[in-house]
Amino acid sequence: MPAGHIQHSLSLRQARRVTLDALLLGSRPGLGRGNPAVLRAIEHLGYLQIDSIAVVNRAHHHTLWSRIPGYSAGGVYELLRQRRLFEYWGHAASFLPISDYRFYLPLMRSYRERPRIYIARSIQKHRELFPLILRKLETDGPLSSAEFGNEHGARGGSWWDWKPAKSALELLLCFGDVMVSERRGFQRVYDLRDRVLPAGTDMREPDEDELAEFIIRRTLQAFGIARELEIRHMLRTSRLVDIRAALRRMQAAGEIVSLAVEGLPGQSWYALPQLMDQLPGSGRRRSRLAVLSPFDNLVILRERLQVLFGYDYLIECYVPEPKRRFGYFSLPLLYGDGFAGRLDAKAHRREGVLELRSLHLENGFATSAEFESELLEGMRGFAAFNGCHSLEILAGGENVSSAMLQRLRRQA
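Converting from the sequence shown to our numbering requires adding 289 to each position, the first position being numbered 1.
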């Protein structure tokens, strides 16, 4: 069979449902509850992105809450302390299954041996601190960066102006010499790798072929279907390998299949063979509403999101306020097999109020009593997740009528 030969075809609805089911957002995934469910979710998704923005609960908690009923915000940190997860570079800074540790060894080695220019400059600048930090961790660890002090007297500040000790710690983390032992609140606590990594962890470093095949399988397990583009962009370690060659090799061996999606001409998608025996039906599903994080695994690859769902999403916290269209931290609203809109929210936890600053619906989205009921249920659940007991709806937005806004306010 020629490499790249299209073997199967999916309708766009099937492609969307396959994606949502694979990402644990479609029909209820049956993960269970508590920390075992958290671990199962992360092992299935491959990574859980960490983010510091806290206008609502942070992204790593939010992503899990969207999939696990009754998720408790401390669960992922407890699994980190139990050494079931580790922190490293997945798509970005991420919690990763400890069972995948060996597949990140090549990336750790590349940071040391073949760093990019800006990393090489930082290594040169902070090299003298490496042995000092390792000795201090050996004698006094585990320690947070704040416990090292500012040995060079450099000015501390925001994330782009880290003091030397913290910058050196981050480099040692990239090299794999230190690991995150736990998080206290949101603050990282570091220790030597030998004291964090569980005994018996598989340390066999994969060659390029094995690493590429791991990345492909990981991506297809998490996404259901994927193109070469998103396989190359899902995990940072993919830059070390030839994904295209691995796709050809795996297709020729029957380890993956290639697909076309109706309505998306000229694009080759890939899937694991067993997917073709598990395709979702085309019948009506309950249109459950989910308030998603901007860093959710479904949302993070923006071009894929636009192609598959026709949803053009941009997080605007990095956009100057006068140029924002939807708000500082607008949250995607997944409804059924597609996206209904987005809302901008802020949790005032001390007052117990979730402030909905604006609500925007997609062009052409048809509202209904069922949708409004699901929206209210979703917002109430999101408020409770954020430790808030009431909703305050400040304003509507695009495609939201004043009558709909009044109904939502009355029922909130």
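From the three backbone atoms N, C-alpha and C, an ideal C-beta is built for every residue, glycine too.
Note that this is a predicted model, so its numbers are computed, not measured.
Can you name, in chain order, every residue of its own chain whose Cβ lies under 7 Å from the Cβ of residue i, other than the five neighbours on each side?
i, result
"ARG482", "GLY465, ASP466, VAL467 and MET468"
"ARG373", "LEU328 and ILE387"
"ARG731", "Limits of the chain in this structure are 290 at one end and 701 at the other, which puts residue 731 out of reach."
"ALA304", "ILE514, VAL550 and LEU597"
"ARG370", "GLU471"
"GLU687", "HIS649 and LEU650"
"LEU565", "Here the sequence assigns Met to residue 565, which means Leu is not the residue at that position. For MET565, where only same-chain residues beyond five positions count, the Cβ hits under 7 Å are HIS297 and VAL546."
Name the DSSP bridge partner or partners of residue i?
i, result
"VAL642", "HIS637 and SER679"
"ALA382", "TRP378"
"GLU471", "VAL478"
"TYR624", "LEU578 and GLY627"
"GLN338", "SER383"
"SER619", "ASP633"
"TRP558", "LEU548"
"HIS297", "LEU548"
"ALA515", "TYR559"
"LEU648", "LEU632"
"LEU432", "TYR479"
Please list, in chain order, all residues of the same chain as residue i whose beta carbon is under 8 Å from its beta carbon, the five residues on each side excluded.
i, result
"ILE682", "LEU645, LEU648, LEU694, LEU697, ARG698 and ALA701"
"SER691", "GLY685"
"TRP449", "Since pLDDT at TRP449 reaches only 30, below the 50 mark, its modelled position is unreliable, and the value read off the structure follows with that caveat. Closer than 8 Å at Cβ, skipping near neighbours: no residue."
"GLN556", "ARG516, ALA549, VAL550 and VAL596"
"SER399", "LEU529"
"SER433", "ARG473, GLN476, ARG477, VAL478 and TYR479"
"SER383", "TYR336, LEU337, GLN338, ILE339, GLU376 and TYR377"
"SER298", "LEU548, ALA549, VAL550 and GLU551"
Could you pull out every residue in the same chain whose Cβ sits closer than 6 Å to the Cβ of residue i, ignoring the five residues on either side in sequence?
i, result
"SER300", "GLU551"
"SER576", "TYR624 and GLY625"
"LEU334", "ALA511 and ASN586"
"GLN595", "ASP601"
"PHE437", "ALA454"
"ARG472", "TYR366"
"ILE599", "Per the sequence shown, the amino acid found at residue 599 is Gly instead of Ile. Within the same chain, GLY599 has no close Cβ partners at all."
"GLY323", "none"
"LEU309", "GLY315"
"ALA672", "LEU643 and LEU680"
"LEU394", "GLU494"
"LEU320", "ALA326, ARG329, ALA330 and ILE357"
Let me check you understand the geometry: is the CB of residue i closer than 6 Å to at least one non-hydrogen atom of the ligand HEM?
i, result
"LYS455", "In the structure on display, the ligand HEM does not appear, and there are no ligands present to speak of."
If I follow the unbroken beta strand (DSSP E) through residue i, where does it start and stop?
i, result
"HIS350", "Run containing HIS350: none in the beta strand (DSSP E); it sits in the alpha helix (DSSP H), 348-354."
Span of the alpha helix (DSSP H) holding residue i?
i, result
"LEU461", "453-464"
"PRO420", "418-429"
"GLU661", "658-674"
"SER399", "394-402"
"GLY364", "364-370"
"LEU587", "That residue, LEU587, is in no alpha helix (DSSP H); it is neither H nor E in DSSP."
"LYS414", "406-415"
"ALA534", "532-541"
"ARG699", "691-700"
Would you call the CB atoms of residue i and residue j closer than 7 Å?
i, j, result
"LEU664", "LEU581", "no"
"ASP340", "LEU426", "no"
"PHE392", "PRO487", "no"
"CYS606", "GLY641", "no"
"ARG306", "PRO611", "no"
"TYR336", "GLY363", "no"
"PHE674", "ALA348", "no"
"GLU519", "LEU590", "yes"
"ALA560", "ILE514", "yes"
"THR245", "TYR360", "The question about residue 245 has no answer here: the residues shown for the chain are numbered 290 through 701."
"LEU526", "LEU396", "Just to set this straight, residue 526 is Thr in the shown sequence, not Leu. Closer than 7 Å, so yes."
For the stretch 497-516 and the stretch 453-465, state whether three or more C-beta atom pairs, one from each stretch, are separated by less than 8 Å. These segments do not touch.
With a threshold of 8 Å, are at least 3 pairs of Cβ atoms found where one atom belongs to the stretch 403-410 and the other to the stretch 501-516? no
Indicate whether the contact test is met: 3 or more Cβ pairs, each with one atom in the stretch 651-662 and one in the stretch 341-349, closer than 8 Å. no
Taking contact to mean 3 or more Cβ pairs, one atom from each stretch, closer than 8 Å, check whether the stretch 601-617 and the stretch 626-640 are in contact. The stretch 601-617 is in contact with the stretch 626-640.
Take every Cβ of the stretch 531-545, pair it with every Cβ of the stretch 418-433, and state whether three or more of those distances are shorter than 8 Å. no
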